[in-house]
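Student:
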Amino acid sequence: MFAARLARVTTVARRFASEQPAQALRFAVAPKIDTPPAAKDLILEQPITVVDGRVVASGGGSTGHPINFLNLDQNKVVMCPYSGDFFIRKGAIKPLLSRGAIIEKDGQYFKNPDVTDEE
Numbered sequence: 002m003f004a005a006r007l008a009r010v011t012t013v014a015r016r017f018a019s020e021q022p023a024q025a026l027r028f029a030v031a032p033k034i035d036t037p038p039a040a041k042d043l044i045l046e047q048p049i050t051v052v053d054g055r056v057v058a059s060g061g062g063s064t065g066h067p068i069n070f071l072n073l074d075q076n077k078v079v080m081c082p083y084s085g086d087f088f089i090r091k092g093a094i095k096p097l098l099s100r101g102a103i104i105e106k107d108g109q110y111f112k113n114p115d116v117t118d119e120e
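Under my numbering, think of the first position of the sequence shown as 2, with each following residue one higher.
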């Protein structure tokens, strides 16, 4: 009885092995699935919030995001470590535009991914 079962299993295995190239071809012909953009690319599409003062409070509320006080004294774009929101001081717009660190589109400012904020 064991020998009969073993013979059946080997027959099924041989038949499966003969079908293997057709299955491998199926994966080679399948169209490529487009993946959504990565998070690091999406965060650069977030507009920069322009602030009058030197300190901005980001967060709070019922979302679980703690209140962070971010210092905007330097002429660079500051990112909130929790939400990823960008902030700049109103007086830092001209130096950042001249350096190419930010880009203006339709009255809003966006971070330039090709230029760092370091002076």
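Glycine included, each C-beta is placed from N, C-alpha and C at the ideal position.
Check this for me: beta carbons of Gly62 and Tyr83, under 9 Å apart or not?
Tutor: Taking the first residue of the sequence shown as 1, we reach residue 62 at position 61. Taking the first residue of the sequence shown as 1, we reach residue 83 at position 82. Cβ distance not < 9 Å, so Gly62 and Tyr83 don't count as in contact.
Student: Is Ala102 helix, strand or coil by DSSP?
Tutor: Taking the sequence shown and counting its residues from 1, the one referred to as residue 102 is at position 101. Looking at Ala102 - three-state DSSP - the assignment turns out to be coil, as it is neither helix nor strand.
Student: With 16 other CB atoms within 10 Å as the buried threshold, where does Arg55 fall?
Tutor: Here residue 55 corresponds to residue number 54 of the sequence shown, with the count starting at 1. Answer is exposed; the Cβ neighbour count stays below 16.
Student: Express the C-alpha separation of Val52 and Phe88 in angstroms, rounding to a whole number.
Tutor: As a position in the sequence shown, residue 88 is number 87, starting the count at 1. As a position in the sequence shown, residue 52 is number 51, starting the count at 1. Computed Cα separation, rounded: 7 Å.
Student: Exposed or buried, what is Leu43 when buried is set at 16 or more other beta-carbons lying within 10 Å of its beta-carbon?
Tutor: The residue you call residue 43 lines up with position 42 of the sequence shown. Leu43 comes out exposed.
Student: Mapping DSSP to helix, strand and coil, what is Leu73?
Tutor: Within the sequence shown, the letter at position 72 stands for residue 73. Looking at Leu73 - three-state DSSP - the assignment turns out to be coil, as it is neither helix nor strand.
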